[in-house]
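Under the working numbering, residues 39 to 914 are what the sequence shown spells out, in order.
Ideal placement from N, C-alpha and C gives every residue a C-beta, glycine not left out.
In this text the structure is predicted, and so the values were computed from the model without any measurement.
Report on the structure given below.
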Amino acid sequence: MQKELLEKEKFKPPKLAQKFLKWFLRNDLYEEVEGDLEEQFLACLEEYSLLKAKVNYWYQVFHYLRPFAIRNSKLIHLNQFSMFKNYFKIGWRNLIKNKGYTFINIGGLSFGMAVAILISLWVYDERTFNKYHENYDHIAQVVQHTTANNKIYTGTQHPFPLSDGLKNSYEEDFKYVVSATEIQEHIITNGEKNFNELGNYMQVDGPDLLSLKMIKGHRAGLENLHSILISKSLAERLFNMEDPLNKIIKLDNQDELKITGVYEDVPKNSAFRELAFIAPWDLFLSSNTWAEFYLDKWGYDMSPVYVQLQPKAKINEVNYKIKDIINNNVADEFYNNDQKISLHPMDKWHLYEEFSNGENTGGNIRFVWLFGSIGIFVLLLACINFINLSTARSESRTKEVGIRKAIGSLRSQLIYQFLSESILVVVFSFFIALGLVSYSLSWFNEVANKNMEIPWTSPFYWVTGIGFILLTGILAGSYPAIYLSSFQVIKALKGAIRSGHLAIKSRQLLVVFQFTISVILIIGTIIVYRQIQYTKDRPVGYNRDRLISVNMRTNDIHDHFEVIRNQLLASGTIVEMSESSCPLNTYCTGLGNFDWPGKDPDFLAGFSVFWTSPEYGKTIGWELLDGRDFSREITSDQQGMVINLSAAEYMGLENPVGQTIKHDEKDWTILGVINDLIVGSPYESVRPSIYMFAPSVSQVASFSFSPDISTQDALRNIESIFKEYAPGVPFEYQFADQLYAKKFNNEVRIGKLSSIFSILAILISCLGLLGLASFTAQKRTKEIGIRKIAGASTFMLWKLLSKEFMLLVTLSCIIAVPFVLYFSGNWLDNYEYRTNIPWWIFAFASLGALLITLLTISYQAIKAALMNPVKSLKSE
């Protein structure tokens, strides 16, 4: 009966209890106890229910949880500890014994891991952009998508009434809606101290929306019209160690404001990192009387708007609700184009900042993917070195493997041993890599325009570091461990194991992969620098030499313009001086209400309009193609304009000079046509631009130095006159050539980083090649000796040893070409003004890679070829 019951699956003892018993019970007791418990289970089953039999079985199992019955786990742990201790001891001895291979492995892995760590820090910094703000995942900027001429243009400027419209109509969706000005330079004055500082005006909820960390005062400090919040660093510059709270400072030498709060400086990886102060929005409106006209006008785009969503609000649903708020309020006769708004989340401002035809198309995220991929590949190159050298040197460890297997080592134990050795190498490499990162981090921060630090005290950092070590160790050591542990005992003890065809092909494949990546990086770097140089050589349309601009935040210079200009001209300091509404490197606000002969009534025109004094063209040295420049002596020029070549083509005017253009119901005459000026991005086409006579403009002053005076003397003369007429204005200037050079910062940064990573990639690959060449020469020592005795020359032997590696690198160069064409083509497609990819770049990079390979392996090849054949054959 018992046997029949036992044969039925459902009447068997609980499996989990059986497994638990086997796990903790001593081996010498297990068989007897298991039999006894089984008999008790069946006896209980005959008398009681199945449930009661199972409960009783569990009870009996727990009953054996006593010291005498529990297996000696301490002994097992000690045995395991001793085993791993032995693994690391053997690994350490192998490292000491083979110093050359140790240097190559640890050196390559150290450089590879250092690159990976640096790029990881950079990627982490990029991915955490704007996360300083507590509610970043609920904060967004309002963007406007305007449809005109069958295209959608995206901007961040909005009508003044929009913020109140969102607050009042969608209160259930928004916690805060904040209008603000752009962050711009303003003059901050405290007594004799004055500074040009970046800041803006915001509505009272702005500090709460940004979750500023207040050191003194409170976030609600903007409620008073004449108040201001300043950053900690600005407070220290203004007041040193004094308490700045409730002190009075001046803004733009005009408004006296009380400091109602000091906030912690916003970190560099935030969109508001430059925010040195915040002034009340109502102060901006009251100080600029022109703004009153636009307060209730929905047809004029004036300022950015930021929002914080309610906790339960969903951005897609809110976008659907608010999209037509401008269309529903703007006067029908003002615009006949479609204007929709949406929310651009804060966590996408930095990496997904670009829009094309109304769609978010990415942005800086492509650099994250680019450098993240480079970091992975450089680390992979270092791991390949370890794999290749470990498998190549497998013959020297065959007897060790054979002996271990003969005395009972399992294959899994051998795999653990070789993985332990690889992890030991990785641990050494990791700490060397940390040293390299610490040493190079300041340079890397400078190149990458970052302020990154190694978070030594962060538990997350060290947990990640341990994971990084294990991952790299497994990545580098898994294949060698599996390969070495697969040797057969008899063959291993006889030393009869030789690298098989598959192992050799695997090494060759990995070498090809290494150099393919290296060649791709080299060619990619050349293309980046070629694109930069190609754009730098683009004609800019004006003279950048000895030209400076000064941002003016008060009317002091403008009010004395003629006096200052005449003094500087009389002293021989300048060739000319002028004023303009925008800096030379920035497009002014676009205006669209223009009409000209032949214009399609349905065509919505848009121009970038610069308001300038008549001397502007002579100051910057623009090139007149047709007509004439402005003249202060000709009164009618006050209703005149100068247009660029792109504007003439945009309007379709074949003979534009003398033609009349309507703007704001006034007639303006085209006086001249100039060549296009590179004002915006040098990689893009030039916008249609109009330069209009404006005697009252006062935003930027430009000075063109005389060639007969040194730059330092010219600056000294201009500064002294500035101090005379504008004593409360800091004299801070910018050279036009430096402003233009800043336009290339991103690409130059990419080029520098790519250069360094390419050099490291080729260095790591060459280290591996050096090790393989050394191994090959050592393996073929006797063959070389025989060939030498048979009459082979040194050149023939060098050729014999070098041929295989040269063929592999040549194959790498061929494979790299289509990848470079694809990825470089995609990258260049981001630029309207772009270079081509000539054939000689591939030839140059390939020859460079072959030459470096030749130099790397020639030392070992020539050394082996010059060896005395008697020594190489003596052991036979």
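Check: Element boundaries [alpha helix (DSSP H), containing H596]; Outcome: D594 to D597
Check: Segments assigned beta strand (DSSP E), at least 3 residues, entirely inside the stretch 140-226; Outcome: 177-186, 189-193 and 212-217
Check: Nonlocal neighbours in the same chain, by C-beta distance under 7 angstroms from L381, ignoring five residues either side; Outcome: A178, V180, V345, I353, V356 and N357
Check: Sufficient close CB pairs (3 or more, under 8 angstroms) joining the stretch 564-573 to the stretch 699-710; Outcome: no
Check: For K296 and P265, believed in contact at Cβ under 8 angstroms, the rounded distance; Outcome: The amino acid occupying residue 265 in the given sequence is Ser; Pro does not appear at that position. About 5 angstroms; that satisfies the 8 angstroms criterion.
Check: Cα-Cα separation, Y86 to L457; Outcome: 54 angstroms
Check: Endpoints, the alpha helix (DSSP H) within which L866 is located; Outcome: T832 to L866
Check: Contact under 8 angstroms by Cβ, A739 with E617; Outcome: yes
Check: Beta-carbon proximity list for I425, same chain, < 7 angstroms, skipping 5 on both sides; Outcome: A514, Y517, P518 and L548
Check: Delimiting residues of the beta strand (DSSP E) encompassing K378; Outcome: D376 to P383
Check: Whether I226 touches L289 by CB criterion (8 angstroms); Outcome: yes
Check: Neighbour-count burial assignment, H171, 16 or more Cβ in a 10 Å radius; Outcome: buried
Check: Same chain, Cβ closer than 8 angstroms to S742, five either side skipped, listed in chain order; Outcome: N581, R584, L585, I612, V613, E614, M615, K656, T657, I658 and G659
Check: Opening and closing residue of the alpha helix (DSSP H) in which N232 lies; Outcome: Looking at the DSSP string, N232 is not in any alpha helix (DSSP H); the run it does join, the beta strand (DSSP E), is K231 to M240.
Check: Cα-Cα separation, H196 to L204; Outcome: 12 angstroms
Check: Burial state of I15, where buried means 16 or more other Cβ atoms lie within 10 Å; Outcome: As shown, the chain starts at 39 and ends at 914. That puts residue 15 outside it, with no answer to give.
Check: Where S271 sits in the DSSP three-state scheme; Outcome: helix
Check: C-alpha distance - S249 paired with N173, whole-angstrom precision; Outcome: 8 angstroms
Check: For E397: DSSP bridge partner residues; Outcome: S394
Check: Buried or exposed by the 16-neighbour rule on C-beta atoms within 10 Å, applied to Y477; Outcome: exposed
Check: Beta carbon of S556 nearer than 8 angstroms to that of S803; Outcome: yes
Check: Under the three-state DSSP convention, the category M279 falls into; Outcome: coil
Check: Cβ pair W706, Q677 closer than 8 angstroms; Outcome: yes
Check: Between the CA atoms of A887 and L156 - distance to the nearest angstrom; Outcome: 25 angstroms
Check: Buried versus exposed call for I827 [16 or more other C-beta atoms within 10 Å across all chains shown]; Outcome: exposed
Check: DSSP beta-bridge partners of V300; Outcome: K254 and I268
Check: Same chain, Cβ closer than 8 angstroms to T650, five either side skipped, listed in chain order; Outcome: S616, E617, S618, S619, F668, Y729, M730, F731, A732 and V735
Check: Contiguous alpha helix (DSSP H) assignments of at least 4 residues, all confined to the stretch 443-514; Outcome: 449-486
Check: Same chain, Cβ closer than 7 angstroms to D714, neighbours up to 5 away in sequence not counted; Outcome: G579, N682, L683, S684 and V724
Check: The stretch 234-246 / the stretch 318-331 touching (three or more Cβ pairs under 8 angstroms); Outcome: yes
Check: Straight-line gap, L622 to D293 (C-alpha atoms, nearest Å); Outcome: 29 angstroms
Check: S758, enclosing alpha helix (DSSP H) - first and last residue; Outcome: T749 to Y763
Check: Alpha carbon of I895 to alpha carbon of L849, nearest angstrom; Outcome: 17 angstroms
Check: Under the three-state DSSP convention, the category K50 falls into; Outcome: coil
Check: Nearest neighbour of S758, chosen from A686, A774 and I602 [CA to CA]; Outcome: I602
Check: Uninterrupted beta strand (DSSP E) stretches inside the stretch 654-697 (no shorter than 3 residues); Outcome: 662-665 and 678-682
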